[in-house]
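Below is one structure, written out as structure tokens; comments come after it.
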Amino acid sequence: MIELKMLREDPDTIRAALKKRGVELDLDTVIEMDRTRRASMTEIQELKSRRNELSEKVGTLKRKGEEPEELMKEARLLTESIKKKEEDQRELERKFEDLVKWLPNIPHDSVPVGTGPEANRFVRGDRTPPQPEFEVLPHWEICEALDILDLKRATKIAGSRFVLYKGMGALLERALINFFLDLHTTQHGYTEIFPPVLNPVECLYGTGQIPKLESDMYRCRDDALYLTPTAEVPLTNMHREEILLAKDLPKRYVAYTPCFRREAGSYGKEVRGITRVHQFNKVELVKYATPEEGYAEFEKMLSDAEAAVRALELPYRVTLLCSGDMTFASAITYDIEVYAPGMKEWLEVSSISCYEQYQARRANIRYRKSGKGTDFVYTMNGSGLATPRTFIAIVENYQTKDGRIRIPDALKRYMGVDSIGR
RNA sequence: GGAGAGGUGGCCGAGUGGUCGAAGGCACCCGCUUGCUAAGCGGCUUCUCGUCGAAAGACGGGACGGGAGUUCGAAUCUCCCCCUCUCCGCCA
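Shown next as structure tokens:
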């Protein structure tokens with residue numbers, strides 16, 4: 019949620035933000051709607067003020083033993099007309115909210131303006147991919163040869179675009195999850211959470227998946243619950259409707275969860291292998307911070323995620339997403355991509371976003387400022403990391419000419435072997 | 001699934017239908033004091049929305065799990081829903 023004050027005092031900033039993002043939206047209608055609802059609110063408040071006055075008088079008189087029939091009648095009539103007006107008011111508020119919830123966050127000043135990936139800015143890392151001295155097999159071929167993925171049977175038991183890891187493949191997947199969790203809890207100061215992966219609609223609204231991405235989520239038929247699309251949802255909603263103490267901030271959480279996405283509309287792209295699947299594993303980082311320290315914590319989060327890629331010694335690059343490429347709740351987003359030499363592609367393994375106060379306003383997450391008053395916290399999250407693509411990167415980058423897969427040093431103690439194959 | 005108890009401020013916890021936005025405590029913040037790992041004394045602080053204002057603020061509305069109702073007036077009475085706890089049953 020954007021700040022409503024901005025709608026009245028600085029609509030041009032919102033207009034500029036919409037333009038940067040390429041969002042078509044009639045802001046004037048929203049502004050007009052806001053004016054109408056506030057006028058109606060003021061009117062109701064005046065009536066109530068009058069009624070309270072009357073009630074107080076009635077109370078005083080009654081205690082003296084009088085029956086002020088006239089006053090009571092007037093108050094009764096007032097209550098009736100208030101009720102009518104309040105019904106209309108509710109309708110106005112509902113319409114207004116339906117408009118406001120579609121307003122995206124204001125992009126940070128450093129975000130490059132553009133509509134597609136070509137406008138994203140290289141930040142650091144490998145500019146050009148490494149050139150292996152032999153023809154690296156794409157992961158689906160080497161994994162089939164080594165019998166560590168079984169995509170045919172995954173389809174049989176779940177459907178297309180699901181993954182079944184097998185034998186050393188399953189072990190590698192599990193090793194990655196454990197390695198990421200250990201890294202962030204022991205080296206970077208995050209508290210581990212193991213949350214439920216079914217979430218009610220309020221939570222999805224709070225983080226901003228609803229309304230925009232509703233069709234991309236799996237919904238339960240008999241219960242008002244959605245399968246979590248990312249641990250960002252449970253972790254950021256942990257403190258929904260709370261007032262935190264400044265001394266408890268920043269809060270840093272890390273969680274492993276499976277993530278579920280329908281990927282509606284993405285068929286036809288990335289059909290081979292496991293780059294885009296309906297269920298995948300991810301270790302997610304979430305922080306709550308004060309506005310003052312928000313961006314410092316955000317940069318630290320980026321380097322925490324980067325540390326995971328570095329520890330695995332994978333070729334990677336960090337990019338700053340342009341305005342048109344960010345999700346609608348985000349103020350700024352970095353992507354970390356690793357290179358997959360078999361697919362000859364850069365794959366996104368982490369997306370690190372700062373929402374500033376956007377999510378906090380939606381989810382009503384505040385903190386008490388030292389001394390007086392409250393303010394909304396900054397929330398941010400980042401993958402640290404998502405496994406399917408990290409799995410791909412390992413299988414392709416650590417492939418040997420004779421068809422084995424070496425195990426990165428960082429994972430050896432989790433795997434107990436030096437390589438997969440023979 | 002059955003029975004009972006309960007949901008009040010940042011936290012704990014009082015609260016006869018009208019001076020209750022709410023006692024008391026903790027915590028916080030601000031003073032003062034004290035020579036020793038902190039304590040004592042005094043004071044302050046609920047949140048939210050609207051109107052006016054450059055601001056400080058002033059005035060007003062609302063909020064005691066959520067919703068509806070009774071009433072001139074509801075934290076307090078009635079109904080529905082949600083959640084928590086205890087006991088019983090069932091069970092991975």
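Convert by adding 18 to the 1-based position in the first sequence; the result is the number in the working numbering. Just so it is clear, CB atoms sit at the ideal spot from N, CA and C, and this is done for glycine as well. Since the structure is predicted, the reported quantities are computational estimates derived from the model, not experimental observations.
- Annotation for Glu210: no alpha helix (DSSP H) segment contains it, though the beta strand (DSSP E) segment containing it runs Thr209 to Ile211.
- Fewer than three beta-carbon pairs drawn from the segment 387-405 and the segment 130-150 are found closer than 8 Å, and the two stretches are therefore not classed as touching.
- When DSSP states are grouped into helix, strand and coil, Ile425 belongs to the coil group.
- In this structure, the straight-line span from the alpha carbon of Ser321 to that of Gln417 is close to 27 Å.
- Closest in C-alpha terms to Glu136, from the list Leu338, Lys184 and Ser368, comes Leu338.
- If you ignore the 5 residues before and after Phe197, its C-beta comes within less than 7 Å of the C-beta of Ala428, Leu429 and Tyr432, all in its own chain and listed in chain order.
- Collapsing the DSSP output to three states places Leu189 in a helix.
- Under the three-state reduction of DSSP, Ile228 is assigned to coil, being neither helix nor strand.
- Per the DSSP secondary-structure output, Ile261 pairs in a beta bridge with Arg384.
- Assignment of alpha helix (DSSP H) within the segment 298-342, counting only whole runs of 4 or more residues, yields 309-329 in chain order.
- Residue nearest to Thr408 within the set Arg440, Leu79, Glu355 and Ala264 is Glu355 (criterion: CA-CA distance).
- Taken in chain order, the whole beta strand (DSSP E) runs of length 3 or more contained in the segment 85-158 are 139-143.
- When only Cα atoms are considered, Ser368 and Leu25 end up about 33 Å apart.
- Comparing alpha-carbon positions, the option among Thr293, Gly177 and Val154 lying closest to Lys419 turns out to be Val154.
- Cβ contact annotation for Lys113 (same chain, cutoff 7 Å, sequence separation greater than five): Met51, in chain order.
- For the pair Arg379 and Met59, the CB atoms are not nearer than the 7 Å cut-off.
- Shown here for Asp436: same chain residues with a beta carbon closer than 8 Å to its own, the five before and five after excluded, namely Arg424, Ile425 and Lys430 in chain order.
- For Leu167 and Arg279, the gap between their C-alpha atoms comes out near 20 Å.
- Beta-bridge pairing by DSSP links Leu243 to Pro218.
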